[in-house]
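Asker: Numbering (the working numbering), first residue to last: 5 to 350. Virtual Cβ for every residue (Gly too), placed ideally from N, Cα, C. Computed from a predicted model, the values in this text were never measured in an experiment.
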């Protein structure tokens, strides 16, 4: 367990001290990013789906390149194909996927008022569980972080490009396309709406149309269960409620309220729907997890004058330390993460 606690401590310490946003990319951020990429990419037999991804990799060895473009999740399949041809094995696949996720996360965190706090919030679940377990969807989420960084600055088309890239790794990312129209300004909203509809339809037709019946049967009709789904949904509910409570202050101080408002509404809806289709809601709710980072990294400012910023930071860091402790010690599938192994370590 030491490795996971070490990874959490790396951002938690500067978050507790109160290190603010740097004006430029510093060597510290580069070193931390590299550390996490290596931790995710060179892990060995860590993660609940390790054997499934290994089978996926070996299956790719038999495929000709011309079949990849018409396959399910072609971005991930192409990456496997390239790593196989170059002899980099599954570790090459995981390292590239880890880099996409960590770089997207860091890019978004660096534009937050308390970047280390946002990054610390991401460690217990998004990095330890998701990036080391749900490899394909973690890449899609990494591209979503890139998209969020751009959409908060008003870059509409860049948002759609990032989401399209994410969809090639996990087709569920197509559900994020409509959020692109919810940027803070409303200039050109008509053409933005037309573009969103066109992109959403195109991506749906390419990646989801022929699989939608199968997905409905697997995730809804069969009533698949996900252990801990209600807890994960609740973790998104808390920042969602906080954002709604501090909506007026958010609009005055921070950008892109529309996106975060609708993600908060989606997080509220997930609490109601999780009993109807546990696994489906659980997987979709993974795209709501940026709420935790966006809200908690801004909470010391949103609550300025009510509570001490130091006290708020301490509460958040302690809370997510508790999340990591409970998951490592009591989660049903934690055994697949323990002990942590890495081919770079003796």
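1. Are the region 159 to 176 and the region 133 to 147 in contact at 8 Å, needing three or more beta carbon pairs?
2. Out of 319, 130, 337, 257, which one is the CA nearest neighbour of residue 295?
3. Ignoring anything shorter than 4 residues or poking outside the region 257 to 315, list the alpha helix (DSSP H) runs there in chain order.
4. Within this structure, are the beta carbons of residue 112 and residue 84 separated by less than 9 Å?
5. Going by alpha carbons, who is nearest to residue 94 out of 184, 50, 266?
6. For residue 111, which three-state DSSP category applies?
7. Inspect the beta-carbon positions of residue 20 and residue 317 and report whether they are closer than 9 Å.
8. Cβ of residue 348 within 9 Å of Cβ of residue 132?
9. Using beta-carbon positions only, say whether residue 99 and residue 58 come within less than 9 Å of one another.
10. Is the region 264 to 271 close to the region 239 to 254, with three or more CB pairs under 8 Å?
11. When you compare only the Cα positions, how much space is there between residue 346 and residue 249?
12. Measure the CB-CB distance between residue 340 and residue 124 and report whether it falls below 9 Å.
13. Sorry if obvious, but does the Cβ on residue 282 come closer than 8 Å to a heavy atom of the ligand GTP?
14. What whole-angstrom Cβ distance do residue 146 and residue 108 have, given they're in contact under 8 Å?
15. Considering just the uninterrupted stretch of the alpha helix (DSSP H) at residue 10, what are its terminal residues?
16. What number of angstroms, rounded off, separates the C-alpha of residue 262 from the C-alpha of residue 66?
17. Quick one: using the 10 Å Cβ neighbour count with 16 as the cut-off for buried, is residue 180 buried or exposed?
18. Leaving out five residues before and five after residue 150 in sequence, what residues of the same chain have Cβ atoms less than 7 Å from its Cβ?
19. Determine the direct distance from the alpha carbon of residue 326 to that of residue 333, and round the result to whole angstroms.
20. Determine the burial state of residue 24: buried for a count of at least 16 other Cβ atoms within 10 Å of its Cβ, exposed for fewer.
21. From the DSSP output, in three-state form, read off residue 157 for me.
22. Run the CB neighbour count on residue 154, radius 10 Å, all protein chains shown included, and call it buried at 16 or more, exposed below.
23. Between the C-alpha atoms of residue 119 and residue 70, what's the straight-line distance to the nearest angstrom?
24. Taking the alpha carbon of residue 122 as the reference point, which residue from 44, 304, 310 has its own alpha carbon closest?
25. Where DSSP assigns a beta bridge to residue 47, which residues make up the other side?
26. Out of curiosity, what's the CA-to-CA distance linking residue 309 and residue 237?
27. Roughly how many angstroms separate the alpha carbons of residue 38 and residue 350, rounded to a whole number?
Answerer: This is what the structure gives:
1. Two segments are said to touch when three or more pairs of C-beta atoms, one from each, lie closer than 8 Å; by this definition the region 159 to 176 touches the region 133 to 147.
2. Nearest option by C-alpha distance: 130.
3. The qualifying runs are 261 to 277, 282 to 289, 294 to 300, 303 to 306.
4. Judged by beta-carbon spacing, residue 84 lies beyond the 9 Å limit of residue 112, meaning their Cβ atoms are not closer than that value.
5. Comparing C-alpha distances from residue 94 to each of 184, 50, 266 shows the shortest one belongs to 50.
6. Three-state DSSP puts residue 111 in a helix.
7. Cβ distance < 9 Å, so residue 20 and residue 317 count as in contact.
8. Judged by beta-carbon spacing, residue 132 lies beyond the 9 Å limit of residue 348, meaning their Cβ atoms are not closer than that value.
9. The answer is no: Cβ separation not under 9 Å.
10. Contact holds: three or more Cβ-Cβ distances are below 8 Å.
11. Whole-angstrom Cα-Cα distance: 43 Å.
12. No, these two residues do not count as a Cβ contact at 9 Å.
13. You won't find the ligand GTP in this model; it holds no ligand whatsoever.
14. Confirmed, Cβ separation roughly 4 Å.
15. Judged by DSSP secondary structure, residue 10 falls within the alpha helix (DSSP H) whose first and last residues are 6 to 21.
16. Counting only the Cα atoms, residue 66 lies some 46 Å from residue 262.
17. By the 10 Å Cβ count, residue 180 comes out buried.
18. Within the same chain, Cβ atoms closer than 7 Å to the Cβ of residue 150 are found at 108, 111, 166, the five residues on either side in sequence being excluded.
19. Just so you know, the alpha carbons of residue 333 and residue 326 end up roughly 11 Å apart.
20. Counting Cβ neighbours within 10 Å, residue 24 comes out exposed, since fewer than 16 surround it.
21. Of the three classes helix, strand and coil, the one that applies to residue 157 here is coil, per DSSP.
22. Around the Cβ of residue 154, a 10 Å sphere holds 16 or more other Cβ atoms; the residue is buried.
23. Between residue 119 and residue 70, the C-alpha separation is close to 42 Å.
24. Ranking the options by Cα distance to residue 122, first place goes to 304.
25. Looking at the DSSP output, residue 47 shares a beta bridge with 346.
26. Each residue's Cα considered, the two are about 30 Å apart.
27. Looking at the backbone, the Cα of residue 38 and that of residue 350 are separated by about 19 Å.
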